[in-house]
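**Q** Under this note's numbering, think of the first position of the sequence shown as 154, with each following residue one higher. We put the beta carbon where it would ideally sit given N, CA and C, even for glycine. Please see the structure below; I have some questions.
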Amino acid sequence: MEIRSITDAAVLNNGVRMPWLGLGVFQVADGEEVRNAVRWAIEEGYRSIDTAAGYRNETGVGQAIRESGVPREELFITTKLANSDQGYESTLRAFEKLYTEGYIRAIGVSNFQIHHLESLKETSGIIPAVNQVEFHPLLTQKELLAYCKREGIQLEAWSPIMKGNLDLPVLKELAAKYGKTPAQIVLRWDLQLGVVTIPKSVRRERIAENADIFDFELSEEDIRAIDALNKDHRFGPHPDEFLF
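See below:
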């Protein structure tokens, strides 16, 4: 699988194209901060933005999109309902209706482990297009990744650069080898594993830097070296132990 451009996209199980790289805006303040981040990302070529009702910045995201001049149909926007907004069954029914009526392009889930996905399939017959989870070199979730590939579910990484905890010898060695930063190495690793990635930043130079990952390719040996960093370590809560 060759991913050579910021315009390259994963093809979801319903045929919709989802960019491999997007901008995450978790904990980005509504108003000028999120408007600037989204505007800069779009100017750098990003065509995917990930937000949520719980982030309380959807208004600013929408304003930045409108001000960008880029047609809405050229952008892939992900948002999420808060758990308290509706019950699970009513949410699924509402999403199915919105999807059928063409208001949304795909139905996804977040923080689902294998048993959650199995339960969803058994009770509703729904196979989501995307599953967004914490995923990075210290939490490689190999079994979940393999399951999602078998089921045709696109895995998406939140917190891909581990909240900046990149001071690992392997990552620094690979950064020197490829002339990249440790963050760029990790983001490229995501792509080569077939994982959509949505790094967050509010700094224009970092937003541009995170997009500079399409002009090199990690060797299989180097991918295995990053895989070996796994410690099943989460920077966020475990889905079975926390109500997101």
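Over what stretch of residues does the beta strand (DSSP E) that includes S201 continue unbroken?
**A** The count along the sequence shown starts at 1 and reaches residue 201 at position 48. Segment 201 to 203, the beta strand (DSSP E) holding S201.
**Q** Taking 8 Å as the cut-off, decide whether the C-beta atoms of P172 and R192 are in contact.
**A** On the sequence shown, position 19 is the one that residue 172 refers to. On the sequence shown, position 39 is the one that residue 192 refers to. Going by C-beta atoms, P172 is not nearer than 8 Å to R192.
**Q** Roughly how many angstroms separate the alpha carbons of E374 and G177, rounded to a whole number?
**A** Position 221 of the sequence shown, counting from 1, holds the residue named residue 374. Position 24 of the sequence shown, counting from 1, holds the residue named residue 177. Their backbone Cα atoms lie some 29 Å apart in a straight line.
**Q** Output the boundary residues of the alpha helix (DSSP H) element that contains R341.
**A** Here residue 341 is taken as the residue at index 188 of the sequence shown, counted from 1. R341 -> alpha helix (DSSP H) spans 335 to 345.
**Q** Could you tell me if Q337 is buried or exposed, where buried requires 16 or more neighbouring beta carbons within 10 angstroms of its beta carbon?
**A** The residue given as residue 337 occupies position 184 in the sequence shown. That one is buried.
**Q** Over what stretch of residues does the beta strand (DSSP E) that includes P352 continue unbroken?
**A** As a position in the sequence shown, residue 352 is number 199, starting the count at 1. Premise fails: P352 is in no beta strand (DSSP E) and is neither H nor E.
**Q** CB G121 to CB D183, shorter than 8 Å?
**A** Nothing can be reported for residue 121: it is not among the residues displayed for the chain, which extend from 154 to 397.
**Q** Counting Cβ pairs, one atom from each stretch, are 3 or more of them under 8 Å apart for the stretch 242 to 256 and the stretch 214 to 229?
**A** No, they do not touch.
**Q** Pull up the CB-CB distance for F367 and I159, whole angstroms please, since I reckon it's below 8 Å.
**A** For this step, residue 367 is matched to residue 214 along the sequence shown. For this step, residue 159 is matched to residue 6 along the sequence shown. The Cβ separation is near 6 Å, so the contact holds.
**Q** Please report the Cβ distance between T350 and P313, rounded to the nearest whole angstrom; I am assuming they are in contact, meaning their Cβ atoms lie under 8 Å.
**A** Mapped onto the sequence shown, residue 350 falls at position 197. Mapped onto the sequence shown, residue 313 falls at position 160. T350 to P313, Cβ: 5 Å. Contact.
**Q** To which residues of the same chain is V323 closer than 7 Å at the C-beta, ignoring the five residues directly before and after it?
**A** Counted from its first residue, the sequence shown places residue 323 at position 170. Hits under 7 Å: A378, I379, L382.
**Q** Kindly provide the ranges of any alpha helix (DSSP H) runs that are 4 or more residues long and lie completely inside the stretch 280 to 328, ordered along the chain.
**A** With a minimum length of 4 residues, the continuous alpha helix (DSSP H) runs that stay inside the stretch 280 to 328 are 295 to 304.
**Q** Where does H268 land, buried or exposed, given buried means 16+ other C-beta within 10 angstroms?
**A** On the sequence shown, residue 268 is found 115 positions in, with the first residue counted as 1. Answer is exposed; the Cβ neighbour count stays below 16.
**Q** Just to confirm before moving on: does the CB-CB distance between L292 and D385 stay below 8 Å?
**A** Translated into the one-based positions of the sequence shown, residue 292 becomes position 139. Translated into the one-based positions of the sequence shown, residue 385 becomes position 232. Cβ atoms of L292 and D385: closer than 8 Å.
**Q** Determine the direct distance from the alpha carbon of V283 to that of S263, and round the result to whole angstroms.
**A** The residue given as residue 263 occupies position 110 in the sequence shown. The residue given as residue 283 occupies position 130 in the sequence shown. Roughly 8 Å between the two C-alpha positions.
**Q** If we count the other Cβ atoms within 10 Å of its Cβ and call it buried at 16 or more, is D343 buried or exposed?
**A** Here the question's residue 343 lines up with position 190 in the sequence shown. With 16 or more Cβ atoms within 10 Å of its Cβ, D343 is classed as buried.
**Q** Assuming A399 and I360 form a contact by the criterion Cβ under 8 Å, report the distance between their Cβ atoms to the nearest whole angstrom.
**A** Because the chain spans 154 through 397 in this model, residue 399 falls outside it and cannot be assessed.
**Q** Using the Cα positions of Q307 and G317, report the straight-line distance between them to the nearest angstrom.
**A** To locate residue 307, count along the sequence shown from 1; it is residue 154. To locate residue 317, count along the sequence shown from 1; it is residue 164. Computed Cα separation, rounded: 24 Å.
**Q** Please name the residue or residues paired with M171 in a DSSP beta bridge.
**A** Translated into positions along the sequence shown, residue 171 becomes position 18. Beta-bridge pairing links M171 to A163.
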